[in-house]
Amino acid sequence: MVDTLLAIETSCDETSAAVLKRDGSVPVLSSLVVLSQDVHEVFGGVVPELASRAHLQTLDPVVAKALEAAHTDLDEIDSIAVTAGPGLVGSLLVGVCYAKALAAAGEKKMIGVNHLEGHVFAPLIGDPELAPPFVALLVSGGHTMLLDVPKWGHYRMLGQTRDDAAGEAFDKVAAILDLGYPGGPAVEKLAEKGEDRFHFPRPMLSEGFDFSFSGLKTAVLYAARDSDDLDRDRADIACSFQCAAIDVLVSKAIRAVKETGRETLIISGGVACNETLALAAKDRLGNLARVSVAPARLNTDNAAVIGRAGWFRLEEGTGSDAFLEADPRMPWPGLENA
Ligand code: KG4
Ligand code: ZN
């Protein structure tokens with residue numbers, strides 16, 4: 020049985036640690052520390068070598084802070100969950116080596132968690148009643164997937180992106196419009212001031228469950244290039260892009276809900292921080308399905324969700340040993356293609 024679990028996430032540019040403690044039969048989040056590396060900002064994207072160095076420097080103090088905030092110490096921790104992939108190999112290695120050392124020295128249980136499975140568990144932390152079956156729209160900087168989840172630990176892939184991920188499209192549009200990195204929050208903020216005047220294409224809107232965002236991104240590029248006054252048009256371009264991207268994401272999620280007959284839709288991953296997306300999903304689904312979205316700090320990369328997924332895996336009897344490896348292309352356990 021898991022009682023007190025320490026979770027570690029270092030797959031990309033967030034150094035994060037969290038503690039989860041048992042309260043009756045459910046794990047409760049006791050502390051969460053997320054340190055976002057700002058060294059990448061001037062480069063307009065994550066520089067892998069700098070990311071691993073920063074993880075090396077900050078992981079230990081981040082873990083110490085998470086333990087302190089949870090009023091606990093390493094002796095009380097019985098289990099460790101760590102992101103083992105997918106992600107940047109150097110960054111993953113820092114977390115995996117650290118977790119293995121702690122587990123070996125303290126004879127603790129350990130589980131290497133798939134980062135994407137972590138994202139799917141995000142809404143469960145604040146919504147313990149949430150239970151499969153449901154449809155999951157996983158939208159992050161690296162992935163865009165529509166999944167049918169018949170039960171925890173089992174995922175049926177309905178569709179995924181054929182080119183850019185949704186978050187990547189937000190980031191690239193932000194770069195085109197000179198809004199800085201990461202771009203999602205900046206695009207959303209600017210879009211509030213604009214109108215959907217450009218009517219950008221909705222790629223693959225009525226075709227299956229796969230997504231494509233590169234054509235939409237190119238349409239944005241042309242609109243920005245052809246504008247004779249970008250300062251005037253910037254907010255309208257951001258709004259028009261966001262409307263098109265959200266229309267595609269929500270339309271497909273609704274179709275998935277209808278086809279599977281599921282009564283709940285969860286949205287998770289960094290792009291789930293986009294309030295316009297969550298509102299559109301709730302609005303358009305109406306009474307057809309309940310929409311569950313975690314608070315923003317649990318949707319972007321963080322150790323709490325890795326801890327929640329790891330807790331589930333340990334409780335069902337899965338664990339990792341000292342041979343656990345960082346795997347940048349780690350397969351997702353329980354994922355099958357529809
Ligand atoms: O899940 P995440 O933290 O990292 C990955 O696993 O990729 O997602 C990061 C992505 C970035 O592309 C970022 O621009 C996007 O999530 N994002 C948003 C918003 N906040 C973060 N996209 C749209 N609207 C937002 N408010
Ligand atoms: Zn992520």
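My numbering applies: residue 20 is where the sequence shown begins, and numbers increase by one.
Note that beta-carbon positions come from the ideal geometry of N, C-alpha and C, so glycine has one too.
Because the structure is a prediction, the values reported are computed rather than measured.
Given the structure, does residue i come close to ligand 2, in the sense that its CB is under 6 Å from one of the ligand's heavy atoms?
i: aspartate 190; result: no
i: serine 35; result: no
i: serine 159; result: yes
i: aspartate 320; result: yes
How about residue i and residue j: are their beta carbons less than 7 Å apart?
i: alanine 188; j: leucine 198; result: no
i: proline 105; j: histidine 134; result: yes
i: valine 52; j: valine 154; result: no
i: alanine 263; j: leucine 235; result: yes
i: tryptophan 330; j: valine 45; result: no
i: valine 269; j: arginine 303; result: yes
i: isoleucine 96; j: leucine 25; result: yes
i: aspartate 229; j: glycine 280; result: no
i: leucine 48; j: alanine 323; result: yes
i: lysine 128; j: glycine 288; result: no
i: phenylalanine 219; j: aspartate 183; result: no
i: proline 67; j: glycine 109; result: yes
i: leucine 121; j: isoleucine 99; result: yes
i: alanine 308; j: leucine 284; result: yes
i: tyrosine 200; j: glycine 63; result: yes
i: serine 30; j: leucine 157; result: no
i: proline 142; j: tryptophan 171; result: no
i: alanine 357; j: arginine 175; result: yes
i: alanine 50; j: valine 38; result: Sequence inspection shows serine at residue 50; the alanine mentioned does not correspond to that position. Yes, Cβ-Cβ distance for serine 50 and valine 38 is below 7 Å.
i: histidine 173; j: glycine 336; result: no
i: isoleucine 265; j: alanine 242; result: no
i: serine 246; j: aspartate 255; result: no
If I'm right that residue i touches residue j with Cβ under 8 Å, what's the distance once you round it to whole angstroms?
i: glycine 213; j: glycine 186; result: Not a contact, Cβ separation roughly 20 Å.
i: arginine 221; j: valine 267; result: 5 Å
i: alanine 210; j: glutamine 261; result: 4 Å
i: alanine 291; j: glycine 137; result: Actually they do not touch by this definition, with Cβ atoms about 13 Å apart.
i: isoleucine 325; j: valine 61; result: No, isoleucine 325 and valine 61 are not in contact; Cβ-Cβ is about 28 Å, not under 8 Å.
i: alanine 341; j: alanine 123; result: 6 Å
i: threonine 295; j: glutamate 226; result: Not confirmed; about 24 Å, so no contact.
i: asparagine 293; j: glycine 202; result: Contact flag wrong, Cβ pair sits at about 11 Å.
Consider the C-beta atom of residue i and the heavy atoms of ligand 1; say whether any pair is separated by less than 6 Å.
i: asparagine 133; result: no
i: proline 151; result: no
i: valine 66; result: no
i: cysteine 292; result: yes
i: proline 314; result: no
i: glycine 186; result: yes
i: glutamate 207; result: yes
i: proline 147; result: no
i: glycine 305; result: no
i: proline 142; result: no
i: proline 347; result: no
i: proline 201; result: yes
i: proline 352; result: no
i: proline 105; result: no
i: proline 204; result: yes
i: glycine 289; result: yes
For chain C, check one thing: does any of its Cβ atoms lie closer than 7 Å to the Cβ of residue i?
i: leucine 268; result: Among the chains of the structure shown, chain C does not appear; only one protein chain is present.
Under 8 Å: do the segment 72-81 and the segment 30-43 share three or more Cβ pairs, one atom per stretch?
yes
Write down every uninterrupted run of the alpha helix (DSSP H) in the segment 176-254 whose length is 4 residues or greater and which is fully enclosed by it, in chain order.
185-195, 203-210 and 233-245
Entirely within the segment 29-91 and at least 3 residues each: give me those beta strand (DSSP E) ranges in chain order.
Runs found: 33-42 and 45-55.
To test your reading of the DSSP string, which unbroken beta strand (DSSP E) runs of 3 or more residues are found completely within the segment 144-181?
Counting only runs of 3 or more, we get 153-158, 163-170 and 173-179.
Report yes or no: do the segment 302-320 and the segment 82-89 share at least 3 C-beta pairs separated by less than 8 Å?
At 8 Å Cβ cutoff, the stretches do not touch.
Per the contact definition of three or more C-beta pairs closer than 8 Å, is the segment 97-104 in contact with the segment 306-314?
no
At 4 residues or longer, and completely inside the segment 96-151: list those alpha helix (DSSP H) runs for me, N to C.
108-125 and 134-145
Does the segment 337-353 come close enough to the segment 109-125 to have 3 or more Cβ pairs within less than 8 Å?
With a cut-off of 8 Å, the segment 109-125 and the segment 337-353 count as touching, because enough Cβ pairs lie within range.
Which runs of the alpha helix (DSSP H) at least 4 residues long sit entirely within the segment 303-346? Give them in chain order.
Taken in chain order, the complete alpha helix (DSSP H) segments of 4 residues or longer contained in the segment 303-346 are 315-318 and 322-334.
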